[in-house]
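Visitor: The sequence shown begins at 114 in the numbering used here and counts up one residue at a time. Each residue gets a CB set at the ideal place from its N, CA and C atoms; glycine is no exception. Keep in mind it's a predicted model, so treat the numbers as computed, not measured.
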Amino acid sequence: MTDFKITHNDSLHEMLGQFKNQLGFNQIEIGPLGTPLTIEFYEKWLADGHYGSMHYLKDHLITKKDPQALAPELKSVISIAQSYFPTVIPTLEKNPARVALYAQNNDYHHWLKEKLVLVIAELQKQFPGEVFLPFVDSGPVLERNWAYQNSLGWFGKNTCILHPLHGSLFFVAEILTSLPADANRLELVPDFCGKCQKCIDICPTGALVKPKEMKADLCISYLTIEAKTVAPIELREKIGDWFFGCDLCQTVCPWNEKVFRKLELPATHQTSTDFILNLNGTERSELVEYFRWLLTASHNQIQKKLLGSALARAGAKGLKRNALIVIGNRQLKELKTEVEDLEINEFAELKLWTLKSIN
114 MTDFKITHND SLHEMLGQFK NQLGFNQIEI GPLGTPLTIE FYEKWLADGH
164 YGSMHYLKDH LITKKDPQAL APELKSVISI AQSYFPTVIP TLEKNPARVA
214 LYAQNNDYHH WLKEKLVLVI AELQKQFPGE VFLPFVDSGP VLERNWAYQN
264 SLGWFGKNTC ILHPLHGSLF FVAEILTSLP ADANRLELVP DFCGKCQKCI
314 DICPTGALVK PKEMKADLCI SYLTIEAKTV APIELREKIG DWFFGCDLCQ
364 TVCPWNEKVF RKLELPATHQ TSTDFILNLN GTERSELVEY FRWLLTASHN
414 QIQKKLLGSA LARAGAKGLK RNALIVIGNR QLKELKTEVE DLEINEFAEL
464 KLWTLKSIN
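#1: In whole angstroms, what is the alpha-carbon distance linking Gln181 and Gly319?
#2: Quick check on the burial criterion: 16 or more other C-beta atoms within 10 angstroms. Buried or exposed for Asn121?
#3: Mind checking Ser422: buried by the 16 CB within 10 Å criterion, or exposed?
#4: If I measure Cβ to Cβ from Asp179 and keep anything under 8 Å in the same chain, skipping five residues before and after, which residues do I get?
#5: From Ile175 to Pro253, what distance separates their C-alpha atoms?
#6: In three-state terms, what does DSSP make of His173?
#7: Mind checking which residues open and close the beta strand (DSSP E) that includes Glu142?
#8: First and last residue of the alpha helix (DSSP H) that includes Glu287?
#9: Give a yes or no on whether the C-beta atoms belonging to Tyr335 and Gly165 are separated by under 7 Å.
#10: Pick out whichever of Gln131, Ser470, Leu392, Ile333 has its Cα sitting closest to the Cα of Lys228.
#11: Taking the CB atoms as reference points, tell me whether Ile333 and Arg426 lie closer together than 7 Å.
#12: How big is the Cα-Cα spacing for Trp355 and Glu402?
#13: Run the CB neighbour count on Glu256, radius 10 Å, all protein chains shown included, and call it buried at 16 or more, exposed below.
#14: Name the DSSP bridge partner or partners of Ile191?
#15: How many Å lie between Pro345 and Ile141 at the Cα?
#16: With a threshold of 6 Å on Cβ separation, who are the neighbours of Val372 within its own chain once the five nearest residues in sequence on each side are excluded?
#17: Less than 8 Å between the CB atoms is what I'm expecting for Asp360 and Ala213, so what's the real figure, rounded?
#18: Among Ile438, Glu287, Glu456, which one has its Cα closest to the Cα of Val232?
#19: Tell me which residue opens and which closes the alpha helix (DSSP H) that Phe404 is part of.
#20: Can you list, in chain order, the residues of its chain whose CB lies under 6 Å from that of Gln444, leaving out five sequence neighbours each side?
#21: Return yes when the Cβ of Phe198 is within less than 7 Å of the Cβ of Leu424, no when it is not.
#22: What are the uninterrupted segments assigned as beta strand (DSSP E) that are 3 or more residues long and contained completely in the region 268-346, given in chain order?
#23: By the 10 Å Cβ neighbour count, where 16 or more other Cβ atoms means buried, how is Thr395 classified, buried or exposed?
#24: For Gln237, count neighbouring Cβ atoms within 10 angstroms of its own Cβ and tell me buried if that reaches 16, exposed if not.
#25: Run the CB neighbour count on Val322, radius 10 Å, all protein chains shown included, and call it buried at 16 or more, exposed below.
#26: Using the three-state DSSP reduction, which class does Phe388 fall into: helix, strand or coil?
#27: Between the C-alpha atoms of Met128 and Pro367, what's the straight-line distance to the nearest angstrom?
#28: May I have the straight-line CA-CA distance separating Ser124 from Glu243, to the nearest angstrom?
#29: Can Glu456 and Leu408 be called in contact, C-beta distance under 7 Å?
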């Protein structure tokens with residue numbers, strides 16, 4: 114990003130094209146801001162209680178329904194799609210546990226936000242006095258709705274935004290702005306899922322209760338990242354060996370299979386649709402040692418090691434919880450002592466479950 118240079122005598126749309134090319138975005142589009150097209154679906158989803166313990170989603174409803182509540186002068190939203198690949202900032206140390214693809218990188222909340230700050234700095238030079246508010250999965254904004262309305266893709270049956278060229282393997286971010294946008298310039302991307310429901314069929318916990326609708330408290334990503342409590346007993350075996358997040362509904366998608374082939378990614382565990390991965394001896398040993406360190410390390414040691422990593426979202430306690438479930442499902446008997454010695458009161462029942470599973 115050190116060579117980032119923008120021509121300022123161009124139009125707004127030409128500038129957006131420069132941002133796309135120089136900052137490596139998949140797409141960047143601007144469209145009018147107003148009542149989200151999907152707000153009624155979102156309100157029903159909340160009313161059905163499908164948000165788990167993420168009460169902030171309900172608390173932010175007013176602002177999500179009326180984005181101008183953030184600032185009355187806002188008129189438009191610039192939506193941005195940023196591919197997971199190639200890894201922009203490689204994590205220095207590969208994690209031997211099964212981790213969602215997006216988390217193989219340093220935390221996107223930080224480096225993608227830095228790109229948005231660069232975009233805003235250039236836009237402010239061209240349009241002084243205008244308002245620009247950046248968000249990267251960090252504010253009361255219906256991000257996928259605006260990505261959909263700004264033609265970044267359609268809503269897949271796995272609830273992700275899908276694009277014919279990029280699949281769903283990309284981050285979404287946006288900049289709300291007081292700049293005007295042409296209401297008739299963009300057309301919605303048609304839904305190309307057709308009769309396919311591979312994502313629904315592969316979900317171990319049945320979190321995709323119907324096409325385009327997820328019950329969050331059944332989702333493995335929710336259970337291993339957002340949830341602060343221990344997964345119910347009936348869901349633990351279904352988590353399999355997922356330590357942080359889950360990609361099954363994405364890796365099975367035909368549109369993402371095309372992305373994997375196009376990028377010529379090697380066949381790795383990260384793109385596998387196996388319920389539990391088949392590890393060789395070395396991989397198993399590395400996993401055991403990683404969990405041994407995790408269960409015996411202090412919370413401060415874990416936080417220090419994970420600084421800047423997406424895994425920090427779950428917190429030290431959440432990662433230890435996740436490790437106990439994977440240890441049980443993988444029957445890692447080598448870690449019996451470390452499990453027995455773990456002293457976290459909330460995990461007393463989970464410890465017994467893990468010990469029973471490995472025995």
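Guide: This is what the structure gives:
#1: 36 Å
#2: The identity of residue 121 in the sequence shown is His, whereas the question assumes Asn. The residue is exposed, with fewer than 16 neighbouring Cβ atoms inside 10 Å.
#3: buried
#4: Thr148
#5: 9 Å
#6: coil
#7: 140-145
#8: Per DSSP, Glu287 belongs to no alpha helix (DSSP H); it is in the beta strand (DSSP E), 283-290.
#9: yes
#10: Gln131
#11: no
#12: 17 Å
#13: buried
#14: Ile143, Ile288
#15: 41 Å
#16: Gly280, Leu282
#17: 5 Å
#18: Glu287
#19: 394-409
#20: Ile471
#21: no
#22: 283-290, 321-323
#23: exposed
#24: exposed
#25: exposed
#26: coil
#27: 33 Å
#28: 15 Å
#29: no
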